[in-house]
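Position 14 of the sequence shown, counted from 1, bears residue number 0 in our numbering, the numbering being contiguous throughout.
The beta-carbon is built from N, C-alpha and C at its ideal position, and this holds for glycine as well.
All figures in this text were calculated on a predicted structure; none of them were measured in a lab.
Take a look at the structure below.
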Amino acid sequence: MQRFDGWIDRASAEQAGAPGYDHAETVKEYYDLCGEFMVFSWGESLHFAPLSPQESLEESKIRHQRLMIAKLELREGMTVIDVGCGIGGPMRRVSREAGVRVVGVNNNKIQLDKAKSLNAEAGLDRMVDYLECSFMDMSAIADDTFDRGYAIESTCHAPDKVGAFAEIYRVLKPGALFWGQEMCMTEKFDPDDNRHRGIKQDLMHGIALKDIATMDEVNRALVTAGFEVIEGIDRAVEENGPTTPWYQPMEAPHRTLGTALCRFPLGRKAFIGASSLAEVLGMFPKGSADVVRLLDRTANAYVAGGKAGIFTPLYCFLARKPLRRSG
């Protein structure tokens, strides 16, 4: 845990000329440390979704995944790449409901093993393949392989966003659609505001993000990589009237979103205490309470960024690889 906490200093040293920092390894370490706790509090689909007052958190995530399926125009028999698949929550819905074959890419063996186990339990193991590697280098995959692709809160971890999108572009077939969900700073973010900068720094540290792009920067990176951007929408801001704020599950118990103890502030504090006791009793590995403290600080940063309107985890884009590359 102490090594993870120092990753920003190591990244800054690399930018100043010191060699040896590998951000992909930092992200892998982050999920090694935090993955099980994140699943415990958030479920198998480790992503945010636009929330509705009439839905539970899980129902909102399912609705959001179905929107992605519709936007990608998935059809039975297609082969789809899941870039940074985590433990495969969206993958299982995509495979089950669209009848497509999915290849999950992840550099974290613990998560891939969990995805394989859950897919087998769901009877979907024959519909899914796996590749353990960084999405920054998918050289084991040939050019023009996949009919469709998606990346849900994964390319936000990329140390080089253009490089990540270029590698995804390479493995997609000409004409293929690509859906992404990115964590972004909004136009309300003021880099000269100390509080804004502090929230951004807390988010970068707590989510293992080397930087947090703006929505325009994401679009420019897609275009530079060769994509045509069809649409880009901050789905935290709905056009059809007010919705439940995306950060509500981390702020307070909610009638429809559920009252999972470890999600809201008092519950997180209690979980820290319980984790410390479990460490002493040998029930949890040493350092578990520190990981829970990290997740608590990160949840506070999510809420602060959401309330200030300077951060969104729901910038969703749809892009296409042209049939012919221009130029």
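| query | Once you ignore the five residues that flank Phe314 on each side, which residues in its own chain have a CB closer than 6 Å to its CB? | reply | This structure leaves residue 314 out entirely; the chain is present only between -13 and 313.
| message | Counting C-beta neighbours from all protein chains within 10 Å, is the total for Phe213 16 or more, i.e. buried, or is it exposed? | response | One-based indexing of the sequence shown puts residue 213 at position 227. Counting the other CB atoms within 10 Å of its CB gives Phe213 a total of 16 or more, which places it among the buried residues.
| said: Please classify Leu309 as buried or exposed, where buried requires at least 16 other C-beta atoms within 10 Å of its C-beta. | reply: Within the sequence shown, residue 309 is the residue found at index 323, counting from 1. Leu309 is exposed by the Cβ-count criterion.
| field | Among Gln187, Val25, Ala162, Gly291, nearest to Lys100 - alpha-carbon criterion | value | Here the question's residue 100 lines up with position 114 in the sequence shown. The residue from Gln187, Val25, Ala162, Gly291 with its alpha-carbon nearest to that of Lys100 is Val25.
| query | Would you call the stretch 89 to 105 and the stretch 165 to 181 in contact, with 3 or more CB pairs under 8 Å? | reply | Between the stretch 89 to 105 and the stretch 165 to 181 there are fewer than three inter-stretch CB-CB distances shorter than 8 Å, so the stretches are not counted as touching.
| Own chain residues within Cβ distance below 7 Å of Ser38, not counting five before or after | Looking up residue 38 in the sequence shown gives position 52. Once the five neighbours on either side are set aside, the close Cβ partners of Ser38 are Ser46, Thr229, Thr230.
| message | Residues in the same chain with beta-carbon distance under 7 Å from Gly244, minus the five sequence neighbours each way, listed in chain order, please. | response | By 1-based counting over the sequence shown, the position of residue 244 is 258. Reliability fails at Gly244, whose pLDDT of 47 lies under 50, so the model's placement of it is uncertain and no value is given.
| request: For Lys95, count neighbouring C-beta atoms within 10 Å of its own C-beta (all shown protein chains included) and say buried if the count is 16 or more, exposed if not. | output: Taking the sequence shown and counting its residues from 1, the one referred to as residue 95 is at position 109. Counting the other Cβ atoms within 10 Å of the Cβ of Lys95 gives fewer than 16, which makes it exposed.
| query | Can you tell which of Arg306, Thr298, Ser125, Cys119 has its C-alpha closest to the C-alpha of Glu139? | reply | The residue labelled residue 139 in the question sits at position 153 within the sequence shown. Looking only at Arg306, Thr298, Ser125, Cys119, the smallest Cα-Cα distance to Glu139 is reached by Thr298.
| Separation of Thr284 from Lys293, as counted between CA atoms | The count along the sequence shown starts at 1 and reaches residue 293 at position 307. The count along the sequence shown starts at 1 and reaches residue 284 at position 298. C-alpha separation (whole angstroms): 14 Å.
| said: Closer than 8 Å is the cut-off here; do at least three beta carbon pairs connect the stretch 56 to 72 with the stretch 194 to 201? | reply: As far as the Cβ criterion goes, the stretch 56 to 72 does not touch the stretch 194 to 201, which means the pair count is below three.
| task | Below 6 Å CB to CB, which residues in the same chain sit around Met319 once its five sequence neighbours on both sides are set aside? | result | Because the chain spans -13 through 313 in this model, residue 319 falls outside it and cannot be assessed.
| What's the C-alpha gap between Phe303 and Gly75? | Within the sequence shown, residue 303 is the residue found at index 317, counting from 1. Within the sequence shown, residue 75 is the residue found at index 89, counting from 1. Rounded to the nearest whole angstrom, the CA to CA distance from Phe303 to Gly75 is 20 Å.
| request: Select from Arg221, Asp276, Val223, Gln51 the residue whose C-alpha is nearest the C-alpha of Tyr16. | output: Taking the sequence shown and counting its residues from 1, the one referred to as residue 16 is at position 30. For Tyr16, the closest alpha carbon among the candidates Arg221, Asp276, Val223, Gln51 is that of Asp276.
| field | Three-way DSSP call (helix, strand, coil) for Trp28 in this model | value | What you label residue 28 is simply residue 42 of the sequence shown in a count that begins at 1. Looking at Trp28 - three-state DSSP - the assignment turns out to be helix.
| task | Assess, as a yes-or-no matter, whether the stretch 108 to 128 is touched by the stretch 78 to 87 under the definition of 3 or more beta carbon pairs within less than 8 Å. | result | The stretch 108 to 128 and the stretch 78 to 87 touch, with three or more beta-carbon pairs separated by less than 8 Å.
| query | Which residues does DSSP pair with Arg87 in a beta bridge? | reply | Counting from 1 along the sequence shown, the entry for residue 87 is found at position 101. Partner(s): Thr65.
| request: Give the DSSP-derived three-state secondary structure of Arg134 in the structure shown. | output: By 1-based counting over the sequence shown, the position of residue 134 is 148. DSSP places Arg134 in strand when its eight states are reduced to three.
| field | Chain-order list of residues whose beta-carbon lies under 7 Å from that of Ile314 (same chain, five-residue window excluded) | value | Nothing can be reported for residue 314, as the shown portion of the chain is limited to -13 through 313.
| field | Glu217 - partner residues in DSSP beta bridges | value | The residue you call residue 217 lines up with position 231 of the sequence shown. Note: Glu217 is bridge-paired with Leu304 in the DSSP secondary-structure output.
| Count the other CB atoms within 10 Å of the CB of Ser125; is the residue buried (16 or more) or exposed (fewer)? | In the sequence shown, the residue the question calls residue 125 occupies position 139. Residue environment: Ser125 is assigned as exposed (fewer than 16 neighbouring CB atoms within 10 Å of its CB, all protein chains considered).
| said: Suppose you measure from the CA of Arg61 to the CA of Met190; what does that come to, to the nearest Å? | reply: Within the sequence shown, residue 61 is the residue found at index 75, counting from 1. Within the sequence shown, residue 190 is the residue found at index 204, counting from 1. Arg61 and Met190: Cα-Cα distance of roughly 37 Å.
| request: Measure how close the beta-carbons of Glu168 and Met122 come, nearest whole angstrom, since I'm counting them as under 8 Å. | output: Your numbering for residue 168 matches position 182 in the sequence shown. Your numbering for residue 122 matches position 136 in the sequence shown. At roughly 16 Å, the Cβ-Cβ gap does not stay under 8 Å, so Glu168 and Met122 are not in contact.
| Just the Cα atoms here: how many angstroms apart are Ala35 and Glu173? | Along the sequence shown, read from residue 1 onward, the residue named residue 35 stands at position 49. Along the sequence shown, read from residue 1 onward, the residue named residue 173 stands at position 187. Answer to the nearest angstrom: the Cα atoms are 20 Å apart.
| Supposed contact pair Ile48 and Ile185 - C-beta distance, whole angstroms, cut 8 Å | Stepping through the sequence shown from its first residue, residue 185 is reached at position 199. Stepping through the sequence shown from its first residue, residue 48 is reached at position 62. Going by Cβ atoms, the distance from Ile185 to Ile48 rounds to 30 Å, so no, they are not a contact pair.
| said: Considering just the uninterrupted stretch of the beta strand (DSSP E) at Gly192, what are its terminal residues? | reply: Indexing the sequence shown from 1 puts residue 192 at position 206. Here Gly192 belongs to no beta strand (DSSP E); instead the alpha helix (DSSP H) covers 180 to 193.
| request: Give the secondary structure of Ala162 by DSSP, where H, G and I count as helix, E and B as strand, and everything else as coil. | output: Taking the sequence shown and counting its residues from 1, one reaches residue 162 at position 176. Ala162 falls in the strand class under three-state DSSP.
| task | To the nearest angstrom, report how far apart Gly29 and Ala106 are at their CA atoms. | result | As a first step, residue 29 must be located in the sequence shown, where it is residue number 43. As a first step, residue 106 must be located in the sequence shown, where it is residue number 120. If I take the Cα positions, the gap works out to 18 Å.
| query | Looking at the unbroken beta strand (DSSP E) that takes in Leu117, where does it start and where does it end? | reply | Position 131 of the sequence shown, counting from 1, holds the residue named residue 117. Taken as a continuous stretch (DSSP letters only), the beta strand (DSSP E) holding Leu117 covers 114 to 118.
| Over what stretch of residues does the alpha helix (DSSP H) that includes Phe151 continue unbroken? | Taking the sequence shown and counting its residues from 1, one reaches residue 151 at position 165. It spans 147 to 157 - the alpha helix (DSSP H) in which Phe151 sits, taken as one unbroken run.
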